[in-house]
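Participant: Next up is a structure, given as structure tokens.
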Amino acid sequence: MSAVEAGVAVLEARGLVKRYGNVTALDGADFDLRPREILALIGDNGAGKSTLIKALSGAIAPDGGQILLNGTQMHFRAPLDARRHGIETVYQDLALAPALDIAENVFLGRELRRRGILGIVLRMADRPRMLREAGTHIANLKIRIGSLTQAVETLSGGQRQGVAVARAAAFASRVVIMDEPTAALGVKESGQVLDLIREVREHGVPVVLISHNMPQVFEIADRIHIMRLGRRVATITPQSHTMSDAVALMTGATSFKSDN
Amino acid sequence: MARINRTRTEEGASSVLTRARAMSTLGPLLALILSSIFFSSRTDRFLTSDNLSLIVQQVAVVGIIAIGQTMVILTAGIDLSCGAVMAFGTIIMTRLAVTHGLNPFAAIALGLTVCTAFGVLNGLLVTGLRLPPFIVTLGTLNIAFALTHIVSNEETIANLPASLTFFGNTFQVSATSVTYGSVLALSLALVTWFVLTKTIGGRHIYATGNNPVAARLAGVRTRRVLISVYTSAGLLYGIAALVLIGRTGVGDPQAGQSDNLDSITAVVVGGTSLFGGRGGVVGTVIGTLIVGVFRNGLQLMGVAAIYQFLITGVLVIIAVAVDQLSRRRRE
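Line by line, the protein sequences are chains A and B.
Going by this note's numbering, the first residue of the first sequence is number 848, and it counts up by one from there.
Going by this note's numbering, the first residue of the second sequence is number 41, and it counts up by one from there.
Set out below in structure tokens:
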């Protein structure tokens, strides 16, 4: 066992089942995420990637199976439940309010209140503190943005994704989940977002990355979780397997039990 | 190292946008100043403190309604029921106090409650059944309109107790009479400005209007936001009813029939976007004053009243066109 494999899973799922009518989206899916790793989640359309992620982030409740966070069983009923336990999700393109500024977006839904009467009775927002802390989070990830009071709609696609990642990283104490964070971006901006993902890992938070982009997955992932027909068929590493191996596993052209 | 740089073109675009955002109140303010200058050059009677106080007095009622309308429009909604709800409020207050001899303060409290209840109803229908606000408030507009005429028996209610007409009373500021209704309208604008810009609830109103899905995913309780917005708007229509009673001295079942469109005009001319999430109550105060200044100025110049509608129509189209163009540039 290598050093990476030695640690206890931060986030784990055992035998997750989710059915939508006659369709079985998850058919006994297992999952494990280890400390300080980037785990890529790949699979063909309909393999159950999104359903698995939704179960892990609290957006849906599975019909069967267990989710464990640091070994403790969890029952997430809403995304807010998962977030309270330190699991943050970066959604593809829906996550920001374009007319609001960067600081407001970072703290959206979790605004800081003024201390004392103004905060308790009038629910006054503590704007100076939010600006300061948003600035710290943005700087931590080495994102370069002109001004925190700039509306998000004035930013480029990559910068917007940077704000979304900064928000997730700011509040994620345990896990960051990213759903196709580079899908809408150009090559250069995608590279910048990949750097951000590495930066999040450097800060000690493991990342689950859903992506269709094989070269990206092989560039950045520590391990690759491959799904097919609602189950995990293998967990490989970029060192142990090639891209064509991964595609073969995804499509069912080859099948083997992962030794990982 | 993650380095997300801005290209030169993006920088250009962003400064245009920053300017466009500042414009959303600067434009209307400029229009207000220019129209005031124009009317002062045309008639000596325009720029007198008495006339300026009169303008505020004339627009106080529609201004208070427009404050509620602003909150609703910021959530990307619209409230067509406002004028009818206000009219129903005036009838409840005056009829209870005059015909039923109820204590005037109890009558006022009941009138405010009824208007607020209409707001709650609007909010519940918009969030619960997910009906478009336009249709919901078109329905409640007709309900409130019918109830107004049923309860009032089509009669104007006069001989009101003094405490009902308090907001029509005036006080002197160095020889100029100012009504308490004008002061109340400006105070309400100030309170709403504070709530919208300084409180967490206010930021949630903008977020809900700007991107409801993102707001919900971020943990904003968007349904609760919408219900409280429509409810607050209902309460404001009730307060407008009280100010209207003070101004006219009667309970008039015919009141408020054009106030829904007038308030939307004031909000839109003030630079608030009909698509939600952009604008604010400062713009609405300016927009309300612009409409008031045009009506008053044209009247002083002796222009036939029908031209006031013509000018208002042109103003609305200009304002909506500016909104639409700046929206297109963003996308």
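Note that beta-carbon positions come from the ideal geometry of N, C-alpha and C, so glycine has one too.
Note down, one range per segment and in chain order, each beta strand (DSSP E) of at least 3 residues found wholly within the region 232-274 of chain B.
Facilitator: Runs of the beta strand (DSSP E) inside the region 232-274 of chain B: none found.
Participant: Which first and last residues belong to the alpha helix (DSSP H) in which Met1090(A) is found?
Facilitator: Here the alpha helix (DSSP H) through Met1090(A) covers Met1090 to Thr1098.
Participant: Going by beta carbon distance, what residues of the same chain come within less than 6 Å of Leu355(B), once the five residues before and after it are set aside?
Facilitator: For Leu355(B), where only same-chain residues beyond five positions count, the Cβ hits under 6 Å are Val309.
Participant: Which same chain residues end up closer than 8 Å to Trp233(B) when comparing Cβ atoms and leaving out the 5 residues on each side of it in sequence?
Facilitator: Excluding sequence neighbours, Trp233(B) sits near Gly320, Val321 and Val322.
Participant: Report all residues from its chain with a CB closer than 7 Å to the CB of Gly23(B); omit the five preceding and five following residues, and keep chain order.
Facilitator: Residue 23(B) is absent from the structure shown; chain B starts at 41 and stops at 371.
Participant: Does the beta-carbon of Pro926(A) have 16 or more other beta-carbons within 10 angstroms, so that it is buried, or is it exposed?
Facilitator: The residue is buried, with at least 16 neighbouring Cβ atoms inside 10 Å.
Participant: Along the region 236-270 of chain B, where does the CB come closer than 7 Å to a CB of chain A? Name the residues.
Facilitator: Of all residues in the region 236-270 of chain B, Lys238, Thr239, Ile240, Gly241, Arg243, Tyr246, Ala247, Asn250, Asn251, Val253, Ala254, Ala255, Leu257, Ala258, Gly259 and Val260 have a Cβ within less than 7 Å of some Cβ in chain A.
Participant: Taking the continuous beta strand (DSSP E) assigned at Asp874(A), which residues delimit it?
Facilitator: Residues Val870 to Leu880.
Participant: Label Gln97(B) either buried or exposed according to how many other C-beta atoms from any shown protein chain fall within 10 Å of its C-beta, with 16 as the threshold for buried.
Facilitator: The residue is buried, with at least 16 neighbouring Cβ atoms inside 10 Å.
Participant: Which residues does DSSP list as the beta-bridge partners of Val1022(A)?
Facilitator: Ile934(A), per the DSSP bridge assignment.
Participant: Chain A beta carbons: is any one of them nearer than 8 Å to that of Gly289(B)?
Facilitator: Taking Cβ atoms only, chain A never reaches closer than 8 Å to Gly289(B), which makes this a no.
Participant: Quick one: which residues of the region 954-978 of chain A get their C-beta closer than 7 Å to a C-beta of chain B? List them in chain order.
Facilitator: Listed by position, the residues of the region 954-978 of chain A near chain B (Cβ gap below 7 Å) are Leu955, Gly956, Arg957, Glu958, Arg960, Leu969, Arg970, Met971 and Ala972.
Participant: How big is the Cα-Cα spacing for Glu859(A) and Arg1021(A)?
Facilitator: In a straight line, the C-alpha of Glu859(A) is about 12 Å away from that of Arg1021(A).
Participant: Going by beta-carbon coordinates alone, are Leu26(B) and Thr167(B) separated by less than 8 Å?
Facilitator: Residue 26(B) cannot be examined here, being either before or after the span of chain B that is shown, 41 to 371.
Participant: Classify Arg369(B) as buried or exposed, calling it buried when 16 or more other Cβ atoms lie within 10 Å of its own Cβ.
Facilitator: Classification of Arg369(B): exposed, given that the 10 Å Cβ count is below 16.
Participant: Can you give me the Cβ contacts of Gly117(B) inside the same chain, cut-off strictly under 7 Å, excluding the 5 residues immediately before and after it?
Facilitator: Within the same chain, Gly117(B) has close Cβ partners Val166 and Pro173.
Participant: Compute the minimum distance between the beta carbon of Phe78(B) and the heavy atoms of the ligand ZN, and state whether it is under 7 Å.
Facilitator: For the structure depicted, the ligand ZN is absent and the ligand set is empty, with no information on it obtainable.
Participant: Cβ of Gly317(B) less than 8 Å from any chain A Cβ?
Facilitator: Yes, its Cβ sits closer than 8 Å to a Cβ of chain A.
Participant: Taking 8 Å as the limit between beta carbons, can you name the residues of its chain near Ser192(B), skipping five residues before and five after?
Facilitator: Excluding sequence neighbours, Ser192(B) sits near Ile131, Arg135, Gly291 and Pro293.
Participant: Give me the chain A residues within the contact set of Arg170(B), using Cβ-Cβ distance strictly less than 9 Å, ordered along the chain.
Facilitator: Result: empty, since nearest Cβ-Cβ is about 18 Å, beyond 9 Å.
Participant: According to the Cβ coordinates, are Ala1016(A) and Leu1056(A) closer than 8 Å?
Facilitator: Not closer than 8 Å, so no.
Participant: Of the choices Glu951(A), Lys1035(A) and Asp877(A), whose alpha-carbon is the least far from that of Ala1081(A)?
Facilitator: Ranking the options by Cα distance to Ala1081(A), first place goes to Asp877(A).
Participant: Taking Arg370(B) as the query, report the chain A residues whose CB atoms sit under 7 Å from its CB, ordered along the chain.
Facilitator: The contacting residues are Glu1000.
Participant: Once DSSP output is grouped into helix, strand and coil, what is the label at Thr88(B)?
Facilitator: Of the three classes helix, strand and coil, the one that applies to Thr88(B) here is coil, per DSSP.
Participant: For Pro1028(A), would you say it is in contact with chain B, using Cβ-to-Cβ distances shorter than 8 Å as the test?
Facilitator: Not closer than 8 Å to any Cβ of chain B, the Cβ of Pro1028(A) fails to qualify, so no.
Participant: Sort out for me which residues DSSP pairs Leu886(A) with in a bridge.
Facilitator: In the DSSP output, where bridge partners are listed per residue, Leu886(A) has Val1055(A) and Arg1070(A).
Participant: Give a yes or no on whether 8 Å exceeds the smallest Cβ distance from Leu927(A) to chain B.
Facilitator: Chain B, which has a Cβ nearer than 8 Å to the Cβ of Leu927(A), makes this yes.
Participant: Answer yes or no: do Thr288(B) and Ala306(B) have a C-beta to C-beta separation smaller than 8 Å?
Facilitator: No, the Cβ-Cβ distance between Thr288(B) and Ala306(B) is not below 8 Å.
Participant: Give me whichever residues DSSP pairs with Ile197(B) in a beta bridge.
Facilitator: Answer is Gly291(B), bridged to Ile197(B).
Participant: Along the chain, where does the beta strand (DSSP E) that runs through Leu863(A) open and close?
Facilitator: It spans Leu858 to Tyr867 - the beta strand (DSSP E) in which Leu863(A) sits, taken as one unbroken run.
Participant: Quick one: grab the DSSP three-state call for Thr216(B).
Facilitator: Strand.
Participant: Taking the C-alpha atoms as reference points, what is the distance between His140(B) and Phe185(B)?
Facilitator: One C-alpha to the other measures close to 21 Å.
Participant: Would you list the one or two residues that DSSP bridges to Phe211(B)?
Facilitator: DSSP lists Val218(B) as partners of Phe211(B).
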